[in-house]
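Visitor:
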Amino acid sequence: MRRVLSLVARLACTLLLRRVEVADRSRIPTNRPILLVANHFNGFVDALVIASVLPRSPRFIAKGSLRKIPLLGALAEAGGVVFVRRQQDKFGPDNNHDAFSACHAALRKRDTIAIFPEGTTHDRPRIDPIKTGAARIALGARTAGATNIAILPVGLTFPDKVALRTSALVQLGAPIDLDDVCPGDVGVDDEKAVRALTAVIDAGVRSVSPDFADIETAFAMDQAAQITLSSEARPDPTLEERYDLTRRLGQVPARARAAVSRDVGRYNTLLSGLRLTDADVITPTNPTRLLRAAIRIAVLVVILGGITTATALVNVWPVALVMGASLLVRTPVSKGTVRAIVGIVAFPTAWVIAAVVTADGFLACSLVVLTTAVGAVAAVWLVERAVALTLMLVRWRAQLERSGTVDQAEAVRAEVVATTLKAVGDL
Numbered sequence: 033m034r035r036v037l038s039l040v041a042r043l044a045c046t047l048l049l050r051r052v053e054v055a056d057r058s059r060i061p062t063n064r065p066i067l068l069v070a071n072h073f074n075g076f077v078d079a080l081v082i083a084s085v086l087p088r089s090p091r092f093i094a095k096g097s098l099r100k101i102p103l104l105g106a107l108a109e110a111g112g113v114v115f116v117r118r119q120q121d122k123f124g125p126d127n128n129h130d131a132f133s134a135c136h137a138a139l140r141k142r143d144t145i146a147i148f149p150e151g152t153t154h155d156r157p158r159i160d161p162i163k164t165g166a167a168r169i170a171l172g173a174r175t176a177g178a179t180n181i182a183i184l185p186v187g188l189t190f191p192d193k194v195a196l197r198t199s200a201l202v203q204l205g206a207p208i209d210l211d212d213v214c215p216g217d218v219g220v221d222d223e224k225a226v227r228a229l230t231a232v233i234d235a236g237v238r239s240v241s242p243d244f245a246d247i248e249t250a251f252a253m254d255q256a257a258q259i260t261l262s263s264e265a266r267p268d269p270t271l272e273e274r275y276d277l278t279r280r281l282g283q284v285p286a287r288a289r290a291a292v293s294r295d296v297g298r299y300n301t302l303l304s305g306l307r308l309t310d311a312d313v314i315t316p317t318n319p320t321r322l323l324r325a326a327i328r329i330a331v332l333v334v335i336l337g338g339i340t341t342a343t344a345l346v347n348v349w350p351v352a353l354v355m356g357a358s359l360l361v362r363t364p365v366s367k368g369t370v371r372a373i374v375g376i377v378a379f380p381t382a383w384v385i386a387a388v389v390t391a392d393g394f395l396a397c398s399l400v401v402l403t404t405a406v407g408a409v410a411a412v413w414l415v416e417r418a419v420a421l422t423l424m425l426v427r428w429r430a431q432l433e434r435s436g437t438v439d440q441a442e443a444v445r446a447e448v449v450a451t452t453l454k455a456v457g458d459l
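Position 238 (the sequence shown) corresponds to 270 in my numbering; numbering is contiguous.
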């Protein structure tokens, strides 16, 4: 069942996210029990992304209230989710004996347990203090007979949680060997050991996650990294490169960060006044690029147009439900969760209804479900590329009219790059 859930997570991420990058996949331990610890900046989407990039979905630890959500609760239980009662929900750790026992049993079987040790999801640009639950699970599992336990820090970064189709970076940290941090005779009752292990876990998660004092600094350092790494030869750096530099900028002295923020602000002000974007400065659109983009879309229409058109009536109402539900949610951290939950329910429901109405027999119904699912993915690809071509046309017109002002922006952009490189060079 958990492998099926991994496939569901991958399909959901294909529809919800433009791309998912995984950095340092080789750090995933093999043939040993794993306690995966991750930051929690994007609600239910965090779990989907983790499940989509691992060979098999881990057993997630989740708050007990999720069990009450129709369908989602049943799917979670079928997927091996371990439900816990949190202290902020007015339940103490003694109420979680069965949950901890389930985690210990899974780790004894060399399974993977995934936990968000901050305890809750949020919109802040920094890691909340890590709670002791992860350390207690690891130490308790070892006492219960699990051996060679590895704790794997995972950082999840989303450039824009509000966008309907955003991207995600999964940064895997260096595995923490439990026996290296805490001697084998140390158990969960040793509070000093629990605090020491929690501190190591905290450092591991922070090393691969965004961690800034305020949102303005987070945005400024991210923009500085994007500007510095982008060039005409490489207009779209990898998310790993971008956020590695962003985290390094977060570690520089306050004076250096202030200088970077100042130059990024100057550059953005100039671009706004000139009605240009950074892409206009480094990779101006030309007729050749437009023609290539148009040809690619034409080829996709020929290949995918038929299945997209044939399944449009089935897929249009789940899309409308997802977009409508998203509009009802104001907080960024909840938008992704609502989209994911509504999409996971609405799309399969639409596909199954279409199969029952139009086909007879299991094989025929399965073919209809598969066809409509492929049609949904194809429609996403076609719409995105059509929108991209339209934006290229709009930007090309703006660039033609404002070509004489690009030189002014190039000079200030060079200052941003120089200030950024100097800041990280001083680390």
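Note that the Cβ used here is the ideal one computed from N, Cα and C, for glycine as well. On a predicted model such as this, the values are computed, not experimentally measured, just so you know.
(1) Can the beta-carbon of V365 be found less than 8 Å from the beta-carbon of F132?
(2) Who are the Cβ neighbours of A176 in its own chain at under 7 Å, not counting the five residues just before and after it?
(3) Pull the bridge partners of F73 from the DSSP assignment, please.
(4) Under a Cβ-count criterion, where at least 16 other Cβ atoms within 10 Å of its own Cβ denotes burial, should D78 be classed as buried or exposed?
(5) Let's test the definition: count the other Cβ atoms within 10 Å of the Cβ of E150 and tell me whether it reaches 16, buried, or not, exposed.
(6) Just verifying my parser: in three-state terms, what is the DSSP assignment at F244?
(7) Could you give the C-beta distance for L460 and A108, rounded to a whole number, given that I count them as a contact under 8 Å?
(8) Could you compute how far the alpha carbon of V419 sits from the alpha carbon of A325?
(9) From which residue to which residue does the alpha helix (DSSP H) around A265 run?
(10) Report yes or no: do the region 353 to 362 and the region 417 to 433 share at least 3 C-beta pairs separated by less than 8 Å?
(11) By the DSSP assignment, the beta strand (DSSP E) with L440 in it spans what residues?
(12) In three-state terms, what does DSSP make of E109?
(13) For the putative contact between R88 and R142, defined by C-beta atoms under 8 Å, what is the C-beta separation to the nearest angstrom?
(14) Ignoring anything shorter than 3 residues, give me the beta strand (DSSP E) runs that lie fully in the region 396 to 435, in order along the chain.
(15) Label Q258 either buried or exposed according to how many other C-beta atoms from any shown protein chain fall within 10 Å of its C-beta, with 16 as the threshold for buried.
(16) Would P207 and I183 qualify as a contact pair, given that the criterion is a beta-carbon distance under 8 Å?
(17) Are Q203 and A41 touching if we call contact CB-CB under 8 Å?
(18) Count the C-beta pairs between the region 253 to 273 and the region 404 to 413 that are closer than 8 Å, then say yes if the count reaches three, no if not.
(19) Please report how far the alpha carbon of P242 lies from the alpha carbon of G219, in whole angstroms.
(20) Quick check: what's the CA-CA separation for K163 versus I233?
Guide: Short version:
(1) no
(2) H136 and R140
(3) Partner(s): none; F73 has no beta bridge.
(4) buried
(5) buried
(6) coil
(7) The structure shown does not extend to residue 460, since the chain is modelled only from 33 to 459, so the question has no answer here.
(8) 11 Å
(9) First-last for A265: undefined, no H or E at that position.
(10) no
(11) The residue you asked about is not Leu; residue 440 is Gln in the sequence shown. That residue, Q440, is in no beta strand (DSSP E); its alpha helix (DSSP H) goes V438 to G457.
(12) helix
(13) Wrong, their Cβ atoms sit about 12 Å apart, outside the cutoff.
(14) none
(15) buried
(16) yes
(17) no
(18) no
(19) 32 Å
(20) 10 Å
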